[in-house]
Each structure stands twice: as structure tokens, then as C-alpha cells.
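A.B. asks:
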Amino acid sequence: MPQVSAILVNYHSQQETCRCLEHLYSQSIRPDYLCIVDNGSSENSRNIFESFKESHPDISFLFFFNEKNPGFAAACNQAMKALTEQGFRGYFWLVNNDTVADKNALKELLGEAERTHAGITGSRISLPDDRRSGSARIH
Numbered sequence: 013m014p015q016v017s018a019i020l021v022n023y024h025s026q027q028e029t030c031r032c033l034e035h036l037y038s039q040s041i042r043p044d045y046l047c048i049v050d051n052g053s054s055e056n057s058r059n060i061f062e063s064f065k066e067s068h069p070d071i072s073f074l075f076f077f078n079e080k081n082p083g084f085a086a087a088c089n090q091a092m093k094a095l096t097e098q099g100f101r102g103y104f105w106l107v108n109n110d111t112v113a114d115k116n117a118l119k120e121l122l123g124e125a126e127r128t129h130a131g132i133t134g135s136r137i138s139l140p141d142d143r144r145s146g147s148a149r150i151h
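In terms of the numbering used here, the sequence shown opens at residue 13 and continues consecutively.
1. At what residue ranges does the region 68 to 135 contain a whole run of the alpha helix (DSSP H), taking only runs of 4 or more?
2. Provide the residue span of the alpha helix (DSSP H) that contains I60, from first to last.
3. Hey, how far is the Cα of N81 from the Cα of G123?
4. Quick one, are the C-beta atoms of D110 and E28 less than 8 Å apart?
5. CB of H68 to nearest heavy atom of the ligand SAM: below 7 Å?
6. Take Y23 as the anchor and find which of A130, I132, N78 and A91 has the nearest alpha-carbon.
7. In the DSSP assignment, what are the bridge partners of L33?
8. Could you give the distance in angstroms between the alpha-carbon of E120 and the alpha-carbon of T96?
9. So the candidates are K93, A125, E62 and N56; which of them puts its Cα closest to the Cα of I19?
10. By alpha-carbon positions, which one of P69, C30 and I71 ends up nearest to N56?
11. Looking only at its chain, what residues have a beta carbon closer than 7 Å to the beta carbon of I60, apart from the 5 residues adjacent to it on each side?
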């Protein structure tokens, strides 16, 4: 199975990001790396994410703490570039930090990518209770 790095971008949403990390950690196929890019949040973010890392020693973490918010795309690019420079040659799973991923989401994405030799796969996104905004569940 190819390696996977899940990349999350945080901006003043530590609780949502930690909830998302728990869902990613609970995947039937777990990412090899959990990468968090914090875009100018409080110093408390660093402590919260470091604590999460300490309580999950069986997975690799990579953190970036930006002083300013360059936006989601720039933060994802920052993480992908750093991982690639460190020799990572697997899949990147870009996940919004308010995502609640179904337990088999990564397994299904990898299966589809491997089956079709796709460079990009995407998930079906559904909002709870037919809301138009808020957290999404990916399948």
C-alpha cells in the first residue's frame, strides 16, 4: 500500500482540527503522516497539537506554524513541498479541518486511485441535516 500524508490547515479552529485528527487516526487504513499547517492562530494551538502528537506516538506528525494566514491552498502547498523535499513519494490527502471522515474514507480513496491509476480522487461530501454550511462528512 502506498504511503499517505493527510494535510490539515488550521486557522483559529483547534477543537475542529483535533476532532478531524481523531477521525483520521481512526481510519481503517491510517495515514502514515498527519501534517498540520497552522495559519497564524494563537500560541495555544502549538500546545494543543503537540499534546495530540504525544498521545498518538504510533503515527508521524509534521507541524508548520505560520505567523500569518497565507490561505488554504498556500498552506497545503507548503506542506506538500516540505514532505516532497524530505523524500515522501506517496499520496497527499488534503482534508478541511472541519471534516468528519467515515472510517473507510481513505481506504476507498486509495482503492479507487490504485484501481484507476488516478492522480487525483475526491470524496462525496454531505452536510449533516441538509445544512448549507458547517462540518461535512466525507465518504
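A virtual CB, placed ideally from N, CA and C, is assigned to each residue, including glycine.
Keep in mind it's a predicted model, so treat the numbers as computed, not measured.
C.D. replies: Once the coordinates are examined:
1. As far as the region 68 to 135 is concerned, its whole alpha helix (DSSP H) runs of at least 4 residues are 84 to 97 and 117 to 128.
2. In the sequence shown, the residue the question calls residue 60 occupies position 48. In this chain, the alpha helix (DSSP H) harbouring I60 covers E55 to E66.
3. Working through the sequence shown from its first residue, we reach residue 81 at position 69. Working through the sequence shown from its first residue, we reach residue 123 at position 111. Going from the Cα of N81 to the Cα of G123 covers about 34 Å.
4. Translated into positions along the sequence shown, residue 110 becomes position 98. Translated into positions along the sequence shown, residue 28 becomes position 16. Closer than 8 Å, so yes.
5. The ligand SAM is not part of the structure shown, which contains no ligands of any sort.
6. For the purposes of this step, residue 23 is taken as residue 11 along the sequence shown, with counting starting at 1. With distances taken between Cα atoms, Y23 lies closest to N78.
7. The count along the sequence shown starts at 1 and reaches residue 33 at position 21. BP columns for L33 are empty, so no partner.
8. Taking the sequence shown and counting its residues from 1, the one referred to as residue 120 is at position 108. Taking the sequence shown and counting its residues from 1, the one referred to as residue 96 is at position 84. The straight-line gap from Cα to Cα measures roughly 24 Å.
9. In the sequence shown, counting from the first residue as 1, residue 19 sits at position 7. I19 has its Cα closest to that of K93, out of K93, A125, E62 and N56.
10. Your numbering for residue 56 matches position 44 in the sequence shown. Among P69, C30 and I71, the Cα nearest to that of N56 belongs to C30.
11. Numbered from its first residue, the sequence shown carries residue 60 at position 48. Same-chain partners within the cutoff: Q26 and C30.
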